[in-house]
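Protein sequence lines, in the order shown, are assigned to chains A and B. FYI, in the numbering used here the residues of the first sequence are 86 to 715. FYI, in the numbering used here the residues of the second sequence are -6 to 532. Here a beta-carbon is modelled for each residue, glycine too, at the ideal position from N, C-alpha and C.
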Amino acid sequence: MTELIQNIWLIPIYPLIAFAIIVLGRWSKILPQKSGAALVVGSTFLGLVHTLLFLSAWGPHYEPISVSAPWLHAGSLTLSMGYYIDAAGMLMLLIVTSVSLLIQIYTHGYMYHDPGYSRFYAYLALFNFSMLSLVLSSNLFQMYVFWEMVGVSSYLLIGFWFTRPSAAAAATKAFLMNRIGDFGLLTGILVLLYFTWNWWPGPVLSFTDMSGAAQVALHAAGPVGFTIMALLIFMGPVAKSAQIPLHTWLPDAMEGPTPISALIHAATMVAAGVFLIARMYPVFTISPVAMTVIAWVGGITAFVAATIAITQVDIKKALAYSTMSQLGYMVMAMGIGAYAAGLFHLMTHAFFKAMLFLCSGSVIHGCHDEQDMRKMGGLWKHMPITAATYLVGTIAITGVLPFSGFWSKDEIIGASISQPLLFAIGVVTAGLTAFYMFRTYFMTFHGEYRGHSHPHESPKVMWIPLVALAIPSALIGFALSGQLGLPSFEHFVHYGVSLVENGPNFAVMGLSMSFAIGGYVLAWLMYGSPKLISPERLKTTFSPLYELLWNKWYFDNAYFWIAKNVYLPFAALSAWFDRTIIDGIVGLTASTVNASGGALRTLQNGRVQSYLMIFFGAILTLAIVLMWIV
Amino acid sequence: MDHLPVASILIILPLVYALILPLLPNRDKLLHTFSGVGAGLLFVLSVFFWLATAKHNIPVYQYVPWLPQLGINYIVGADALSWVLVLLTTFLVFMSIVASFTSINKRLKLYYSMIFMLTSAILGVFMARDLFVFFLFWELELIPMYLLISIWGGPRREYAALKFVLYTLFGSIFMLAAILGLYFLSKSIFGDGTFDFSRVSQIPHLGLAVGAQILLFLGFFIAFAIKLPMVPFHTWLPDAHVEAPTPVSMLLAGILLKMGAYGMLRLCFGWFPEAAHVLAPYLVLIGMINIIYTAGVAMVQADLKKLIAYSSVSHMGFVLLGLGALNAIGFKGAVFQMISHGLISAGLFMIVGTLYTRTHTRSIAEMGGFGKNLPTVYFFALIIALASLGLPLLAGFPAETLVFYGAFLSHAFQSIPWFGGTHLMLSIQTLTIISAIGVILGAAYLLWMFQRVFMGPIFPKWSDLKDAVPSEAFVLAGLVLPIIIIGFAPNLVAGQFSSEMTAMAAPYNHIEEAHNPVTTQTIASIPRSVIAHKKGESH
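As structure tokens, then:
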């Protein structure tokens, strides 16, 4: 039994088995239509139990465990796969298994009438396999493998309703944007390996040896080369965690069914970027430039995404920009050295954002596939549980004492105090966050209903997961804040000696909370009951600003322009060149030969002798040349 | 097993089939069944032979004097490199014959005879151990291929078939010159002229000038580059593919191109290491162009089959990149890419064929939303397309990984010597990074194609299309299964030719030894505390 518990690599295998059974069973039509849920939920439950059993057997010192086996062997290079578990990995395991479990239960209600019910569960299982394997990866190469696998799971799930052109396009876009990031990650790995590959005492690229490898690479590559390498690796997280400028796929990814938005595009996969930064921290921390870039990319993303979120009218898109903004906070935390705070926020965000998305799903379900908040309103009366849990999530993300966002997000803002500009961005974004979140809350649940259907509360199978997620959303921050006499989050999860001394800084937290309250008040004035300020008037007053935000800072337009006016013309030119020039020369040669063939008909008479003559001519030429050289 | 002429049996058996076929009664069902069973048997037999010999380290080698006074002998044999390609060949022939059940319905006797003759010639190329025999099989392959395209092909079949044959013949002239060059050299060095691989391959090491090596290398190389195909000798391929019937396309992309890659590895890089070292920069440069440029061309194709054909050319660029790395990792990656590309490109052409038999169009603009009506085809197309764009846990990824890692870790060249003593400042690392953009472009054209063909709403005129029939599903599943298995456990394949590639790369080892990025000095310069700390951590 203990041996079974020790083998935590089995955790991703459970969903893989579920996936294989569903695919083969449904293809051969042996499995009944609705059997997917039981299999997948069962496999995730097994994974959660296994994780908890391992956790209880792991203590008391929680020493990291690393095991590897060769996977691909070539010459002097052996690429391995295995598992590596430490506090950060355990944290991710717990988040992924628990959030997955609740979302998979919820899915049963949400997708019950969809003809692709079991296909959906199969993809969910594939995602779980990939994500859990990513979390357990023992080395960077393995992480790259499953990095791509979560990407493809995301592709499949965004394009789940593939007959919709918008879903199909969003899926392709998500994969391609991520591929750009993966290109950076791949080349970054290659550069790292180039400078270190004879050095590794254990399997190459393993996380246990990463700090030594980082030193070796720094010495071999010099600071500039090393920084370029670090930034190439960082491209991976930029795409995966939807950071500027590779972020535009995430809002479009909302074309996927809502449980996916909650699981993949809020709680787990998009956080993988932050997790990769955490795993590669030995590399990033010794490059000050890379750290600064990471911090600024995160900070700018947090701010820009928040500004876009305030104009969105689609409830899922608003939440998507919110996710992007919160991921920005996490990345910023990593960049300023607040390792624990970043991962702390990753955890709290996973719970409350998953819940917010599931609430939005419940709303969409209850309003018969309506996503436009302008056609909602007053839903508090019709779906009280959804409204209450959404309110919990909103308060949590806003960072109001003592809900979880207060402890995690404000810890990041507190940690950034040494860098005033980033600190200012963090505080202002906190205000914007409160504004756009309460805006969605008021537009959806307050006032009078503006739609035309008959909204209703969702079934039990959907609201129970909501309530289950509301508990950690509200309390886990406080519980792990170190204020209750319990050990704090940092006690478990930390990187070496913490780079930034950051216990809760209540002065800073007070400041950011006052901004948050300001945002709340403004939202209440504009969208809450009194409606003292008209949003429409503000729209016209600040028209250029509104246009900028409404058009999402024109990133999409720019990319579309580049694809249409740069790459496609290049491709068309290549195709023209291929047909006209290269094949033209071939054709010209052929016709020249043909023409001279007329003259030399006596030679081209089909007789073997004349061909032999040509051959011997060639040989003779070669022989002469050879003699001349030798 | 020791005395059985294993290689000859595999070469001759398909020829026997080709001779029996004309004698059979002219009933379609019988001819299909005979060929299917025959090809299945050939595949099973090749697996059996492989297990019985290679697994027990029994060398496969046969020497029959033929025209000894001219130094011409029938020598065939198989080492690990030959075996993987032989197995790929017999497997893909079996698959493409099953694919013929639905897509070929005229002049079956001649058709299947030609397929088997083609099989025999290809197996001969992979197992020949004598240059004369090699060249014979190399040329023999042209006859069935010409007929297969020009009789069962599309509207411009004669143009395409002729273009294919003339192109190959053009290359063959250079190869013949190189072969005879080696022959005469062997005459002056050994006293007797020979075509025997094992003896001819010694010549470059017996004090042959580098210039002569380069000439001989290039003589072979041009023939193989056309087959690969390498830019700018590739324009025969889209035409041939577009006109060829589906099973022939599968064989063309799946195996015929590998003849070029195989020849490059064994003859050019295996025999002329010094020439290869001089030429590697240019080959890698062209390999990069192969990957990036043809990806661009593929992007804008309106014809689905042409898109796949260009994608095939693009992916063969990885073979050049891997070979140009001049190390065991790159060589291994190149061979792995031959196998992966064989399965994947055959699969892609099967998908195109499955759609074509239903719609009779290859125009992407006329397609859309097939995922709804053709779920089986949809899922297999998805897996194959993902494998093609290099998704991990599918066959394309380990090949690309080995090629990229091999090329990036290589020290084959730091710059490319250019005209007049100038140098292009492109190291193999730079070219590898540019080539890696291919992973983005590959994903772009494949997924965009997939989106336009399989996703979105279905066109009303296609609303009554039927899903794959059993024989089509069999072929697709048969190709996808190894793609997945190899993807999960790449060492199953890579392990087969591991030591072989290490040996093949041995003449190039000095290149790596001259540039060791982490010298003892660098390690010494690192603070001891860092290393001690690290060692303490990893316990």
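Check: Since Ser326 (chain A) and Val416 (chain A) are thought to touch, with beta carbons under 8 Å apart, how far apart are those beta carbons, to the nearest angstrom?
Finding: In this structure Ser326 (chain A) touches Val416 (chain A) by the C-beta definition: roughly 6 Å separates them, less than 8 Å.
Item checked: For Val184 (chain A) and Tyr366 (chain A), the rounded distance between their alpha carbons -> Roughly 26 Å between the two C-alpha positions.
Checklist line | Whole-number beta carbon distance between Ala400 (chain B) and Gly315 (chain B), since they are thought to touch under 8 Å | finding: The Cβ separation is near 7 Å, so the contact holds.
Next item on the list: Note down, in chain order, each residue of its chain lying with its Cβ closer than 7 Å to the Cβ of Phe467 (chain B), except the 5 sequence neighbours on either side.
Entry: Taken in chain order, the residues that qualify are Val91.
Notebook entry, point to check: When the cut-off is 8 Å and only beta carbons count, does Val230 (chain A) lie next to chain B?
Noted result: Output row for Val230 (chain A): interface = yes.
Notebook entry, point to check: In chain B, which residues lie with their C-beta within 7 Å of the C-beta of Gly244 (chain A)?
Noted result: Proximity of chain B to Gly244 (chain A) at the Cβ level (cut-off 7 Å) is accounted for by Met448, in chain order.
Notebook entry, point to check: Does the beta-carbon distance from Ile504 (chain B) to Leu313 (chain B) come in below 8 Å?
Noted result: 8 Å or more divides the Cβ of Ile504 (chain B) from the Cβ of Leu313 (chain B).
Margin query: DSSP has Tyr197 (chain A) in a bridge; who is on the other side?
Written below: Answer is none; Tyr197 (chain A) lacks a bridge partner.
Check: Looking at chain A, which residues of the region 292 to 311 of chain B have a Cβ within less than 9 Å of any of its Cβ atoms?
Finding: Of all residues in the region 292 to 311 of chain B, only Met292, Val293, Gln294 and Tyr303 come within less than 9 Å of chain A when Cβ atoms are compared, listed by chain position.
Check: Taking Cβ-Cβ distances below 7 Å as the criterion, which residues of the region 663 to 675 of chain A are in contact with chain B?
Finding: Listed by position, the residues of the region 663 to 675 of chain A near chain B (Cβ gap below 7 Å) are Asp663, Ile667, Asp668 and Val671.
Next item on the list: Excluding the 5 residues preceding and the 5 following Gly146 (chain B) in the sequence, name in chain order all residues of the same chain whose CB lies nearer than 6 Å to its CB.
Entry: Excluding residues within five positions, the ones whose Cβ falls inside 6 Å are Glu236 and Ala237.
Margin query: Check whether the region 146 to 163 of chain A and the region 216 to 224 of chain A touch, using three or more Cβ-Cβ pairs below 8 Å as the test.
Written below: Touching, yes.
Next item on the list: Please name the residues in the region 474 to 492 of chain B whose beta-carbon is closer than 9 Å to at least one beta-carbon of chain A, in chain order.
Entry: Going along the region 474 to 492 of chain B in chain order, one finds Ala482, Pro483, Asn484, Ala487, Gly488 and Ser491 with a Cβ nearer than 9 Å to chain A.
Margin query: By the DSSP assignment, the alpha helix (DSSP H) with Ile618 (chain A) in it spans what residues?
Written below: Taken as a continuous stretch (DSSP letters only), Ile618 (chain A) belongs to no alpha helix (DSSP H), as it is neither H nor E.
Next item on the list: Counting only runs of 4+ residues fully inside the region 460 to 495 of chain A, write out the alpha helix (DSSP H) ranges in chain order.
Entry: Whole alpha helix (DSSP H) segments, 4+ residues: 464 to 467 and 469 to 483.
Checklist line | Spatial distance of Leu271 (chain A) from Tyr229 (chain A) (CA atoms) | finding: The alpha-carbon atoms of Leu271 (chain A) and Tyr229 (chain A) are separated by roughly 8 Å.
Margin query: Counting only beta-carbon separations shorter than 8 Å, does Val290 (chain B) have a partner in chain A?
Written below: Yes, Val290 (chain B) lies at the interface with chain A (some Cβ there is under 8 Å from its Cβ).
Check: So, is Leu89 (chain A) buried or exposed, given that buried needs 16 or more other C-beta atoms within 10 angstroms?
Finding: By the 10 Å Cβ count, Leu89 (chain A) comes out exposed.
Check: Should Val237 (chain A) be flagged as near chain B, meaning a C-beta pair shorter than 8 Å?
Finding: Val237 (chain A) counts as touching chain B.
Next item on the list: Would you mind telling me which residues of chain A sit closer than 7 Å to Ala358 (chain B), beta carbon to beta carbon, in chain order?
Entry: Within chain A, no residue comes near Ala358 (chain B); the closest Cβ sits about 15 Å away, beyond 7 Å.
Notebook entry, point to check: Quick one: is Ala423 (chain A) buried, meaning 16 or more other Cβ sit within 10 Å of its Cβ, or exposed?
Noted result: Buried, because 16 or more other Cβ atoms sit within 10 Å of the Cβ of Ala423 (chain A).
Item checked: Coil, strand or helix - Tyr580 (chain A) by DSSP -> In the structure shown, Tyr580 (chain A) sits in coil (DSSP, three-state: anything other than H, G, I, E or B).
Checklist line | Local conformation of His416 (chain B) per DSSP, three classes | finding: Three-state DSSP puts His416 (chain B) in a strand.
Next item on the list: For Met234 (chain A), go through chain B and note every residue whose CB falls closer than 9 Å to its CB, in chain order.
Entry: Taking the beta carbon of Met234 (chain A) as reference, the chain B residues within 9 Å of it are Leu384, Pro385 and Leu386, listed in sequence order.
Next item on the list: Have a look at Met252 (chain B) and Gly413 (chain A) and give me their C-alpha separation to the nearest angstrom.
Entry: Their backbone Cα atoms lie some 52 Å apart in a straight line.
Check: Say the cut is 7 Å; is the CB of Leu78 (chain B) nearer than that to a heavy atom of the ligand SAM?
Finding: What this structure holds is no ligand at all, so the ligand SAM is not there to describe.
Item checked: Own chain partners of Asp171 (chain A) with C-beta closer than 6 Å, once the 5 adjacent residues on each side are dropped -> Same-chain partners within the cutoff: Pro149.
Next item on the list: Can you tell me which of the three DSSP states Thr248 (chain A) falls into?
Entry: Three-state DSSP puts Thr248 (chain A) in coil, outside helix and strand.
Margin query: For chain B, check one thing: does any of its Cβ atoms lie closer than 8 Å to the Cβ of Thr272 (chain A)?
Written below: Yes, Thr272 (chain A) counts as interfacial toward chain B.
Next item on the list: For the beta strand (DSSP E) holding Tyr169 (chain A), just list the boundary residues, first then last.
Entry: Counting along the chain, Tyr169 (chain A) sits inside the beta strand (DSSP E) bounded by residues Leu162 to Ile170.
Notebook entry, point to check: Rounded C-beta distance between Ala515 (chain A) and Ala435 (chain A)? I'm assuming under 8 Å.
Noted result: Not a contact, Cβ separation roughly 19 Å.
Next item on the list: Could you pull the start and end residues of the alpha helix (DSSP H) that Asn484 (chain B) belongs to?
Entry: Note, Asn484 (chain B): alpha helix (DSSP H), Asn484 to Ala487.
Margin query: Does Trp444 (chain B) pass the burial test, meaning 16 or more other C-beta atoms within 10 Å, or should it be called exposed?
Written below: In the sequence as presented, Trp is not what sits at residue 444 (chain B); that position holds Gln. Classification of Gln444 (chain B): buried, given that the 10 Å Cβ count is 16 or more.
Next item on the list: Note down, in chain order, each residue of its chain lying with its Cβ closer than 6 Å to the Cβ of Ser113 (chain B), except the 5 sequence neighbours on either side.
Entry: So the qualifying residues of the chain are Ile4, Pro7 and Leu8.
Check: Around the Cβ of Lys438 (chain A), are there at least 16 other Cβ atoms within 10 angstroms (buried) or fewer (exposed)?
Finding: So Lys438 (chain A) ends up on the buried side.
Next item on the list: For Glu233 (chain A), count neighbouring C-beta atoms within 10 Å of its own C-beta (all shown protein chains included) and say buried if the count is 16 or more, exposed if not.
Entry: Counting every other CB atom within 10 Å of its CB across the protein chains shown gives Glu233 (chain A) a total of 16 or more, marking it as buried.
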